[in-house]
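Note sheet for the following structure.
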Amino acid sequence: MTENKEVLIEVKNLKKSFGSLEVLKGIDLQVEKGEVVAVIGPSGSGKSTFLRCINRLDEPDGGEIIFEGSDICGKDADINAIRQKIGMVFQQFNLFNHLSILENITIGPTMVKGEDEKSAQEKALKLLKRVGLEDKAEEYPSRLSGGQKQRIAIVRALAMDPDVMLFDEPTSALDPEMVGEVLEVMKDLADDGMTMLVVTHEMGFAQKVANRVIFMDGGYIQEEGTPDKVFGSPENPRTQDFLSKVLNTI
Amino acid sequence: MVDIFLNYYDYFLVGARTTVLISLITVFFGFILGCLISFMKLSKNKLLHGFAGIYVTVIRGTPMLVQLYIVYLQTDFIPFPETTVLGVALDRALPCAIALSINSSAYVAEVIRSGIQAVDSGQGEAARSLGMTKKQAMLHIIMPQAIKNILPAIGNEFITMIKETSIIQYLGVGDIMYNNGIVITNTYNPLPCYYISAIIYLVLTSVLGKGINIFERRLQRSDRK
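Sequence lines, in order, name chains A and B.
So in our numbering, spot 79 of the first sequence is number 79, and the numbers just go up one at a time.
Just remember that our numbering sits 250 ahead of the position in the second sequence, which is counted from 1.
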C-alpha cells in the first residue's frame, strides 16, 4: 500500500440511531483504493449498520461519508448514481426470485446504466464463467444452493462495474460446506485489486485476505491494524476477549 | 322443486346474469379503488396514510347493508339514468355498484398492501443497492412478486362478492334473490325457491373457484421453471 495512496472512502464521525438505540456513536475510517478491509466484532456491535450507511441503505444521522471526493449525504448528492459505484452483497443473497440468473445480472446494467441487452448478457456470461456457474444462466434462483446464490449475487454486483464492494456477512447464512466456494470468489476479487469492505465472522478470511482488520464494539471502532497485529497482539482488552471467544471454540 | 325451476327458470337465470354482472363491475372498480387506497396506506405521507387507515377501518367495521342504504340515500342528488340495461334498472343498480365497490375496495386494499409487504424487504434493498430508483424497484422487482400473492386473493374477493351482492335485492335490483322473491309470490312455496337459489350461487362460486385454482397453478408454475 505504499506506492500511491488514493483514498476512496472517508468516513468521519458517523452516527446512527434506531429510535432511542444509538448503534453507531462516531466512526472514523479511511479506505484506500485496492484495500481489503475486514470488519469484525460481536453481534449488535453496529458492523452491518456501518456498512449499510456507506450506500445509505440506512440513512446516517450524523457525520460525513466522502466517496470519491464528494459527500454522499450532501444535498445534491444523487444517491442512485453513487450506488452504481458501490456494489453490495447481502447475507441473505436477495436474488430477484422472479428473474432468471441471467436477468438477475443484466437488470442492473440495462435498467440503471442503460447498457444494451446484448453486451450486458455477454458481460454477464463472462462473469458467470469466472465464478464457475455459466451453466446456470437460464435457471431460477429457487433451483440454486446457497453457495451458488451468493456467488451469483456477487456477480450481479460486479456487473455494475463498481469501484468498491461491500459484503454484509456474505457467508453467515450458508451451510458450512458452501462457505469455501464463496470465500474463494472473494479472494479472487481481492487478488484482482478490488476495493472491499467485508463484515465477516470468518476469522480465517480476515487473517489471510484482508490488508486491514477493524474490530468494532459498542458503536465504536475499538481497534484497527494489520491482521497480524489485531490477531497476533491485540491491545484493547475487548478485542482480546472477543478473539479468545471466537478463536478458541472447543 | 324441479317443476318450479322448469316453470320459472328464466327468472332465476336473468337474476344470475345480473348478479354476475354487478359482481364483475364491483370487483373491477373495487380493485382500482383498492389499489389507490393501498398505495395511500403504504405512502409515507401521514395525511394519505391516515385517511386510508380510517377508510379501511370504517368500511370493514360497518355492515354492508348499512353502507348500501347510506350510499343510496346520500347519492339521491345524482340524476342516474332511468334506463334499463340487460334488464337492470340503472338508477337503482348504479348506487348499488358504487356502494359495493367502496366496500370491496377496503378489502382489496388490505390484500394488496399485505401482498406487497409479504415480499421480502431484501428484494427492494438489493434493487436499490444496484442504483434503481424507488419507482423502478417497485415496478420491476417488488410488484411482479407481489402480484403472485395478490391475484388469487382478488379472485376470492370476486367469489365473496357474488354472495354478498344478494343484499341488493333490498333496493329492487333484479338479482337472483330479487327474482327468487318474485317466484315465491307466484308459487306460495318458498323453500324450494331458496334451494334453487342456493344451488345457482353454489354453481357460480364453484365454477369461479375452479377457474381461480387453475390460474393460481399457472402462476406458481411460471415461478419455478
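Built from N, CA and C at the ideal position, the CB exists for glycine as well.
Because the structure is a prediction, the values reported are computed rather than measured.
Thinking residue i and residue j are a contact (beta carbons under 8 Å), I'd like their distance in whole angstroms, please.
i, j, result
"L8 of chain A", "V213 of chain A", "Contact doesn't hold; Cβ gap of about 18 Å is too wide."
"G422 of chain B", "R342 of chain B", "5 Å"
"A157 of chain A", "I101 of chain A", "Not confirmed; about 14 Å, so no contact."
"E181 of chain A", "G225 of chain A", "Not quite, the Cβ-Cβ distance comes to about 29 Å (not below 8 Å), so this is no contact."
"V199 of chain A", "S48 of chain A", "6 Å"
"V246 of chain A", "V185 of chain A", "Actually they are not in contact, since the Cβ atoms of V246 of chain A and V185 of chain A sit about 23 Å apart, beyond 8 Å."
"V369 of chain B", "A396 of chain B", "5 Å"
"Y451 of chain B", "I412 of chain B", "7 Å"
"G218 of chain A", "S43 of chain A", "About 12 Å separates the two Cβ atoms, so there is no contact after all."
Is residue i close to chain A? Criterion is C-beta to C-beta, closer than 7 Å.
i, result
"L389 of chain B", "no"
"Q470 of chain B", "no"
"G265 of chain B", "no"
"A376 of chain B", "yes"
"S364 of chain B", "no"
"T383 of chain B", "yes"
"L286 of chain B", "no"
Kindly indicate if chain B contains any beta-carbon less than 7 Å away from that of residue i.
i, result
"H201 of chain A", "no"
"R83 of chain A", "yes"
"Q150 of chain A", "no"
"G19 of chain A", "no"
"K16 of chain A", "no"
"L57 of chain A", "yes"
"N104 of chain A", "no"
"N94 of chain A", "yes"
"N13 of chain A", "no"
For the ligand GDP, I want to know if residue i counts as a neighbour, meaning its beta carbon is within less than 6 Å of at least one of the ligand's heavy atoms.
i, result
"L315 of chain B", "Within the structure as shown, the ligand GDP is missing, as the structure has no ligands at all."
Could you give the distance in angstroms between the alpha-carbon of residue i and the alpha-carbon of residue j?
i, j, result
"E35 of chain A", "K5 of chain A", "10 Å"
"K475 of chain B", "Y140 of chain A", "Low per-residue confidence applies at K475 of chain B: pLDDT is 46, beneath 50, and the placement is therefore not dependable, though the value from the model is reported in the following sentence. About 7 Å."
"I221 of chain A", "T239 of chain A", "10 Å"
"G300 of chain B", "G232 of chain A", "57 Å"
"E10 of chain A", "E235 of chain A", "24 Å"
"Q373 of chain B", "E22 of chain A", "26 Å"
"N80 of chain A", "K384 of chain B", "9 Å"
"A377 of chain B", "C346 of chain B", "43 Å"
"L14 of chain A", "T195 of chain A", "20 Å"
"C443 of chain B", "I309 of chain B", "32 Å"
"I86 of chain A", "E117 of chain A", "22 Å"
"E64 of chain A", "N295 of chain B", "28 Å"
For residue i, return the contacting residues in chain A, with the cut-off set at a CB-CB distance below 7 Å.
i, result
"P394 of chain B", "H98"
"Q386 of chain B", "M111"
Under 9 Å between beta-carbons, which chain B residues line up against residue i? List them in chain order, please.
i, result
"F90 of chain A", "G372, E375, A376, S379"
"I107 of chain A", "A377, L380, M382, H390, I391"
"M160 of chain A", "L380, G381"
How would you list, in chain order, the residues of chain B whose beta-carbon sits under 8 Å from the beta-carbon of residue i?
i, result
"L264 of chain A", "This structure leaves residue 264 of chain A out entirely; chain A is present only between 1 and 250."
At 7 Å on the CB atoms, spell out the chain B contacts of residue i, in chain order.
i, result
"N248 of chain A", "Neighbours of N248 of chain A on chain B: none; closest Cβ ~34 Å, over 7 Å."
Task: Whole runs of the alpha helix (DSSP H) within the stretch 312-339 of chain B, excluding any shorter than 4 residues - done: 314-324
Task: Continuous beta strand (DSSP E) assignments of at least 3 residues falling wholly in the stretch 13-61 of chain A - done: 21-32, 36-40, all fully within the stretch 13-61 of chain A.
TODO: List in chain order: all unbroken alpha helix (DSSP H) runs of 4+ residues lying wholly within the stretch 77-127 of chain A.
DONE: 79-83, 101-107
Task: Entirely enclosed alpha helix (DSSP H) segments - the stretch 391-461 of chain B, minimum 4 residues - done: 393-414, 426-437
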